[in-house]
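Novice: Residue numbers 1 to 834, in UniProt numbering, belong to the letters of the sequence shown in order. The C-beta atom is built at its ideal place from N, Cα and C for all residues, glycine as well. Because the structure is a prediction, the values reported are computed rather than measured. Have a look at this one before I ask anything.
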Amino acid sequence: MAKNLLIVESPAKAKTINKYLGKDFTVLASYGHVRDLVPKEGAVDPADGFRMRYDLIDKNQKHVEAIAKAAKSAEGIFLATDPDREGEAISWHIAEILKERGLLKDKTLQRVVFTEITPRAIKEAMLKPRSIASDLVDAQQARRALDYLVGFNLSPVLWRKVQRGLSAGRVQSPALRMIVEREEEIEAFVAREYWSIEAECAHPSQAFTAKLNKLDGKKFEQFTVTDGDTAEDARRRIVAAAGGALHVTDVASKERKRRPSPPFTTSTLQQEAARKLGFTTRKTMQVAQKLYEGVAIGEEGTVGLITYMRTDSVNLSLDALGEIRDVIARDFGTRALPDKPNFYTTKSKNAQEAHEAVRPTSALRVPSQVSRFLTDDERKLYELVWKRAVASQMVPATLNTVSVDLAAGSEHSFRASGTTVIDPGFLAVYEEGKDTKGKDDEDEGRKLPPMKTGDRVPLDRIHADQHFTQPPPRFTEAALVKALEEYGIGRPSTYASIIQTLLFRKYVEMEGRSFRPSDVGRAVSNFLSGHFTRYVDYDFTAKLEDELDAVSRGEEEWIPLMEKFWGPFKELVDEKTESVDRSEATGARELGIDPKSGKPVSVRLGRYGPYAAIGSTAETEEEKPTFASLRPGQSMHTITLEEAIDLFRLPRKLGQDGGEEVSVGIGRFGPFAKRGSVYASLKKEDDPYTIDLARAVFLIHEKEEIARNRIIKEFEGSDIQVLNGRFGPYISDGKLNGRIPKDREPASLTLAEVQQLMAETGKPMRGRFGKKTAAKKEAAPKKAAKTTAKKTTKKTTTKKAAKKTAKKAAKKTVVKKAAKAKTAVATENDDAPF
Numbered sequence: 001m002a003k004n005l006l007i008v009e010s011p012a013k014a015k016t017i018n019k020y021l022g023k024d025f026t027v028l029a030s031y032g033h034v035r036d037l038v039p040k041e042g043a044v045d046p047a048d049g050f051r052m053r054y055d056l057i058d059k060n061q062k063h064v065e066a067i068a069k070a071a072k073s074a075e076g077i078f079l080a081t082d083p084d085r086e087g088e089a090i091s092w093h094i095a096e097i098l099k100e101r102g103l104l105k106d107k108t109l110q111r112v113v114f115t116e117i118t119p120r121a122i123k124e125a126m127l128k129p130r131s132i133a134s135d136l137v138d139a140q141q142a143r144r145a146l147d148y149l150v151g152f153n154l155s156p157v158l159w160r161k162v163q164r165g166l167s168a169g170r171v172q173s174p175a176l177r178m179i180v181e182r183e184e185e186i187e188a189f190v191a192r193e194y195w196s197i198e199a200e201c202a203h204p205s206q207a208f209t210a211k212l213n214k215l216d217g218k219k220f221e222q223f224t225v226t227d228g229d230t231a232e233d234a235r236r237r238i239v240a241a242a243g244g245a246l247h248v249t250d251v252a253s254k255e256r257k258r259r260p261s262p263p264f265t266t267s268t269l270q271q272e273a274a275r276k277l278g279f280t281t282r283k284t285m286q287v288a289q290k291l292y293e294g295v296a297i298g299e300e301g302t303v304g305l306i307t308y309m310r311t312d313s314v315n316l317s318l319d320a321l322g323e324i325r326d327v328i329a330r331d332f333g334t335r336a337l338p339d340k341p342n343f344y345t346t347k348s349k350n351a352q353e354a355h356e357a358v359r360p361t362s363a364l365r366v367p368s369q370v371s372r373f374l375t376d377d378e379r380k381l382y383e384l385v386w387k388r389a390v391a392s393q394m395v396p397a398t399l400n401t402v403s404v405d406l407a408a409g410s411e412h413s414f415r416a417s418g419t420t421v422i423d424p425g426f427l428a429v430y431e432e433g434k435d436t437k438g439k440d441d442e443d444e445g446r447k448l449p450p451m452k453t454g455d456r457v458p459l460d461r462i463h464a465d466q467h468f469t470q471p472p473p474r475f476t477e478a479a480l481v482k483a484l485e486e487y488g489i490g491r492p493s494t495y496a497s498i499i500q501t502l503l504f505r506k507y508v509e510m511e512g513r514s515f516r517p518s519d520v521g522r523a524v525s526n527f528l529s530g531h532f533t534r535y536v537d538y539d540f541t542a543k544l545e546d547e548l549d550a551v552s553r554g555e556e557e558w559i560p561l562m563e564k565f566w567g568p569f570k571e572l573v574d575e576k577t578e579s580v581d582r583s584e585a586t587g588a589r590e591l592g593i594d595p596k597s598g599k600p601v602s603v604r605l606g607r608y609g610p611y612a613a614i615g616s617t618a619e620t621e622e623e624k625p626t627f628a629s630l631r632p633g634q635s636m637h638t639i640t641l642e643e644a645i646d647l648f649r650l651p652r653k654l655g656q657d658g659g660e661e662v663s664v665g666i667g668r669f670g671p672f673a674k675r676g677s678v679y680a681s682l683k684k685e686d687d688p689y690t691i692d693l694a695r696a697v698f699l700i701h702e703k704e705e706i707a708r709n710r711i712i713k714e715f716e717g718s719d720i721q722v723l724n725g726r727f728g729p730y731i732s733d734g735k736l737n738g739r740i741p742k743d744r745e746p747a748s749l750t751l752a753e754v755q756q757l758m759a760e761t762g763k764p765m766r767g768r769f770g771k772k773t774a775a776k777k778e779a780a781p782k783k784a785a786k787t788t789a790k791k792t793t794k795k796t797t798t799k800k801a802a803k804k805t806a807k808k809a810a811k812k813t814v815v816k817k818a819a820k821a822k823t824a825v826a827t828e829n830d831d832a833p834f
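Encoded structure:
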């Protein structure tokens, strides 16, 4: 065993670093976090100085044991987790575990930081060990405690007032609010009509267009002309005044410089990868992680290609600057190289991430040389990082903009503009992507023919075009990340997880590349905005982030920060739990009266999503209302009375098949066709409102045929069957599902073989409505389970009593889970669990 133990987070990084450090070191991975707060109430105790109760993470326990075993015989222990606040906390947790086990006695424990995984960087870092930064650990503990207290106290309120299974996050909630408020802006938007007027000029050298900028002696603005008749009248007057030609009255030429953007930070990398490569934030971080941890580059071996990708810094080291400048001079000439390096500043005061920008570890590794060793996604992202870093150190681009004014008589004039590149400078390597094009972008690359004052330019035609103002666009990932950063909400390293949480919770949906809030998401956001306004306020959230950063810099103490937050927050949670009415919380809307029944029509948010109701939903009413689920794409916030009434056309009776009624409807799991007791899901292309009998019967027969072919083999006297599932053959006894080896023919299996396979590979079946059945049983309180077991052993116990006991146990489980704010994720009932 080597005398030194070095601990990193990922196995890929461990493998790479192990090659660099040699035989004196054993390098092990923690596989990320090793401890977390115990997943139950009381894990953070505000009454005891916010004491935090941690427990080992089950999936990483074996890795912790491996680290502990290696630590026993090691003389020196080096903690080399990631160089950010979270990485510092992981190092602290590992140190605490080793200390609790008495494994640090007479040993040195040191912290080292690698911002790039290269031989030079590793060796330099090992010469500069330090102790664990307690300020960074305190900041991370405060962040984790805040997130826990918000989640475990606010989520149960959502369960009771909005819908079971919901969650509220300290940072995800303001992000959701942004998306919801943008959607409300779009819905409230009223389009305005306006008209533009353009001249098509037939210059002998080159045809071009010019836009009207003066009408009847006054400046022509966007809403000067707002209807077709006025536009046509203006066009005729201009044509008459022009007399077949426009006269050049002014030519202005202006040279300007465009400077390169700084090298990437985490957020700008995420934004640019979304705009240029179509990557999600999550994908960007996954690919960047791989490039950072190391890729095998031919004879060079495994080497990290980019520096650490979680950073707010735009700085570049002197070594990196020198190498980049050498590459620029070599590949683009000395004209492209400024006299001195370009330096950039960032607004961030964050000490935790005060290292370098995201850059190539060596600019000498040009993309064309390493591309054959990379996957397509790795190649694209590496090229983006390399080009941005190199371009940041090049001279500005020199552009020339020419504007020409052209008169049509004495009262009207047009303007044409064009921008040409005189010297591309950094544009020879890289140009930043944009979400939308502006006027400068439209003119760029457009070259006007040579003109001078007094020239007469022949006129081809003048045309007027109708336009309508557009609502603000929905947020794309790039736009949301940019907005979060501008508001100071969260930190760049958290953006990917924020977005992933919103999607996983189904608070938002992707419509193309944009976010659209779901009705559930809107209900959550509107409830929090209405009743917990302060805690989803952008400025409050940003200020809290700044205070956490101050803790990381040692400027504030974390416990006073927690106390200042906790008191008012807990008081508000308690008050709203009692005072808020549920129908108000879910955003129920009264749409009008059903003309057929004379009853009120409303839309509401129920347990399984939004629905429409005809009739009163009050519990005191004797006559129960009728319900219908909203169709995909419909929203309870925009649906009309007519659209809601149309939903009640279902279920539709289509006719008969084999003497049984065939109908279609929409259930909890979507639209279906039904005949007798047989249900068949409709395909994506099938509309339950228009599907005909023949198609419905086909789907039902198809379902029956699949069912007939489902059983491959049965065994007399045994519940085990060999079955066909949608993921291939498997075995099942109705409680457990088991695997079949790939090299075995399912139909040839014997009873003894399937019994052995079930014993070796059997796993609990997944229920239609929740988690694995075994997990449900384990979740029931021990007291209830013991009571049930005791009662069922008595001969006098009836089936009715047993059901009652089970019902009570299930009820206790739900209450307990609600208190914990644990969300049960509904899963589809699979034919096989693998």
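Tell me the residue span of the beta strand (DSSP E) that contains M510.
Specialist: Residue numbering aside, residue 510 sits at position 510 when the sequence shown is read from its first letter. Per DSSP, M510 belongs to the beta strand (DSSP E) from 508-511.
Novice: Between T419 and L399, how many whole angstroms is the CB-CB distance? I'm expecting something under 8 Å.
Specialist: Reading the sequence shown from its first residue, position 419 is the one you call residue 419. Reading the sequence shown from its first residue, position 399 is the one you call residue 399. 6 Å between Cβ atoms; contact.
Novice: Could you tell me whether the region 376-386 touches the region 201-221, using the rule of 3 or more Cβ pairs below 8 Å?
Specialist: As far as the Cβ criterion goes, the region 376-386 does not touch the region 201-221, which means the pair count is below three.
Novice: Secondary structure at S30, three-state DSSP: helix, strand or coil?
Specialist: The sequence position of residue 30 within the sequence shown is 30, counting from 1. It is coil, neither helix nor strand.
Novice: With a CB to CB cut of under 7 Å and the five nearest residues on each side skipped, what residues in its chain are close to Y679?
Specialist: The residue given as residue 679 occupies position 679 in the sequence shown. Closer than 7 Å at Cβ, skipping near neighbours: F672.
Novice: Please classify V225 as buried or exposed, where buried requires at least 16 neighbouring CB atoms within 10 angstroms.
Specialist: To locate residue 225, count along the sequence shown from 1; it is residue 225. Buried is the call here.
Novice: Which word fits L548, buried or exposed, when buried means at least 16 other C-beta atoms lie within 10 angstroms of its C-beta?
Specialist: Here residue 548 refers to the residue found at position 548 of the sequence shown. Classification of L548: buried, given that the 10 Å Cβ count is 16 or more.
Novice: Suppose only complete runs of 4+ residues qualify. What are the alpha helix (DSSP H) ranges in the region 462-534, listed by chain order?
Specialist: Listed in chain order, the complete alpha helix (DSSP H) runs (minimum 4 residues) inside the region 462-534 are 477-487, 495-504, 519-531.
Novice: Can you check which of these residues, D55, S732, N342, L528, is closest to F426 by C-alpha distance?
Specialist: Residue mapping note: residue 426 aligns to position 426 of the sequence shown, counting from 1. Ranking the options by Cα distance to F426, first place goes to N342.
Novice: Where does M451 fall in DSSP's three states?
Specialist: In the sequence shown, residue 451 corresponds to position 451, counting from 1. Note: M451 maps to coil in three-state DSSP.
Novice: With distance defined between alpha-carbon atoms, name the residue in A496, R325, E745, Y611 nearest to Q286.
Specialist: Locating residue 286 in the sequence shown gives position 286, counting from the first residue. Considering only alpha carbons, the answer is A496.
Novice: Provide the residue span of the alpha helix (DSSP H) that contains T284, from first to last.
Specialist: Position 284 of the sequence shown, counting from 1, holds the residue named residue 284. Its alpha helix (DSSP H) spans residues 281-293.
Novice: How many Å lie between F468 and W566 at the Cα?
Specialist: Within the sequence shown, the letter at position 468 stands for residue 468. Within the sequence shown, the letter at position 566 stands for residue 566. Looking at the two C-alpha atoms, the distance is approximately 49 Å.
Novice: By Cβ distance below 6 Å, which residues in the same chain neighbour P449 in space, the five residues on each side in sequence not counted?
Specialist: What you label residue 449 is simply residue 449 of the sequence shown in a count that begins at 1. Excluding sequence neighbours, P449 sits near H203, S205, Q206.
Novice: Using the beta-carbon count (16 or more within 10 Å), is A832 buried or exposed?
Specialist: Along the sequence shown, one-based indexing puts residue 832 at 832. Low confidence applies here, because A832 scores a pLDDT of 33, under 50, leaving its location unreliable and the question unanswered by this model.
Novice: Out of curiosity, what's the CA-to-CA distance linking S748 and R177?
Specialist: The count along the sequence shown starts at 1 and reaches residue 748 at position 748. The count along the sequence shown starts at 1 and reaches residue 177 at position 177. Those two C-alpha atoms are separated by around 58 Å.
Novice: Sorted by chain position, which residues of the same chain lie with C-beta nearer than 7 Å to R516's C-beta, five sequence neighbours on each side aside?
Specialist: The count along the sequence shown starts at 1 and reaches residue 516 at position 516. Within the same chain, R516 has close Cβ partners E183, R474, V508, E509.
Novice: Among E485, H701, K123, which one has its Cα closest to the Cα of S267?
Specialist: Locating residue 267 in the sequence shown gives position 267, where the first residue counts as 1. Out of E485, H701, K123, E485 has the C-alpha closest to the C-alpha of S267.
Novice: Ordered along the chain, which non-local residues of its own chain (more than five positions away) have a Cβ less than 7 Å from that of K807?
Specialist: In the sequence shown, counting from the first residue as 1, residue 807 sits at position 807. Because K807 sits at a pLDDT of 45, beneath the cut-off of 50, its placement in the model cannot be relied upon, and the following sentence gives the value as read from the coordinates. Contacts found: none.
Novice: Quick one: residues in its chain with C-beta nearer than 7 Å to the C-beta of G151, no 5 flanking neighbours on either side, listed in chain order?
Specialist: The residue you call residue 151 lines up with position 151 of the sequence shown. Excluding residues within five positions, the ones whose Cβ falls inside 7 Å are S167, A168, G169, A821.
Novice: Exposed or buried, L318, counting other C-beta atoms within 10 Å across all chains shown (16 or more means buried)?
Specialist: As a first step, residue 318 is located in the sequence shown; it is residue number 318 there, counting from the start. Flag for L318 reads exposed.
Novice: By DSSP, does E75 sit in helix, in strand, or in coil?
Specialist: Locating residue 75 in the sequence shown gives position 75, where the first residue counts as 1. It is coil, neither helix nor strand.
Novice: Can you list the alpha helix (DSSP H) stretches of 4 or more residues lying completely in the region 540-577, in chain order?
Specialist: Those alpha helix (DSSP H) runs which fall completely within the region 540-577 and span 4+ residues do not exist here.
Novice: Determine the DSSP secondary structure at Q721, reduced to helix, strand or coil.
Specialist: Within the sequence shown, the letter at position 721 stands for residue 721. Q721: strand per DSSP, three-state reduction.
Novice: What are the boundary residues of the alpha helix (DSSP H) that R237 is part of?
Specialist: Within the sequence shown, the letter at position 237 stands for residue 237. Where R237 is concerned, the enclosing alpha helix (DSSP H) stretches over 228-242.
Novice: Could you give the uninterrupted runs of the alpha helix (DSSP H) lying entirely in the UniProt domain "Toprim" (3-113), keeping only those of 4 residues or more?
Specialist: Here the runs fully enclosed are 11-21, 61-73, 85-100.
Novice: Does the Cβ of R668 have 16 or more other Cβ atoms within 10 Å, making it buried, or fewer, making it exposed?
Specialist: Along the sequence shown, read from residue 1 onward, the residue named residue 668 stands at position 668. Looking at its Cβ environment, which holds fewer than 16 other Cβ atoms inside 10 Å, R668 is exposed.
Novice: Alpha carbon to alpha carbon, how far is I77 from D312?
Specialist: The residue labelled residue 77 in the question sits at position 77 within the sequence shown. The residue labelled residue 312 in the question sits at position 312 within the sequence shown. If I take the Cα positions, the gap works out to 29 Å.
Novice: Identify, in the order they occur along the chain, each residue of the same chain with its Cβ nearer than 6 Å to the Cβ of A523, setting aside the five sequence neighbours on each side.
Specialist: Taking the sequence shown and counting its residues from 1, the one referred to as residue 523 is at position 523. Around A523: V162, T586, G587, L605.
Novice: Around the Cβ of F698, are there at least 16 other Cβ atoms within 10 angstroms (buried) or fewer (exposed)?
Specialist: Taking the sequence shown and counting its residues from 1, the one referred to as residue 698 is at position 698. So F698 counts as exposed.
Novice: Tell me where the alpha helix (DSSP H) around A175 begins and ends.
Specialist: In the sequence shown, the residue the question calls residue 175 occupies position 175. Start and end: 172-188.
Novice: Per DSSP, which one or two residues make a beta bridge with Y730?
Specialist: Counting from 1 along the sequence shown, the entry for residue 730 is found at position 730. Per DSSP, L723.
Novice: Could you round the C-beta distance between I7 and L109 to whole angstroms and report it? I think they count as a contact, below 8 Å.
Specialist: The residue labelled residue 7 in the question sits at position 7 within the sequence shown. The residue labelled residue 109 in the question sits at position 109 within the sequence shown. Actually they are not in contact, since the Cβ atoms of I7 and L109 sit about 10 Å apart, beyond 8 Å.
Novice: Strictly by DSSP, which residues pair up with F208?
Specialist: Here the question's residue 208 lines up with position 208 in the sequence shown. Answer by DSSP bridge pairing, in chain order: C201.
Novice: Report back the beta-carbon spacing between Y194 and A43 to the nearest angstrom; my notes put them in contact at under 8 Å.
Specialist: Stepping through the sequence shown from its first residue, residue 194 is reached at position 194. Stepping through the sequence shown from its first residue, residue 43 is reached at position 43. Incorrect: roughly 58 Å between the Cβ atoms, too far for contact.
Novice: Do T401 and K254 come within 8 Å of each other at the CB atom, strictly closer than that value?
Specialist: Reading the sequence shown from its first residue, position 254 is the one you call residue 254. Reading the sequence shown from its first residue, position 401 is the one you call residue 401. Yes, the pair counts as a contact, with Cβ atoms nearer than the cut-off.
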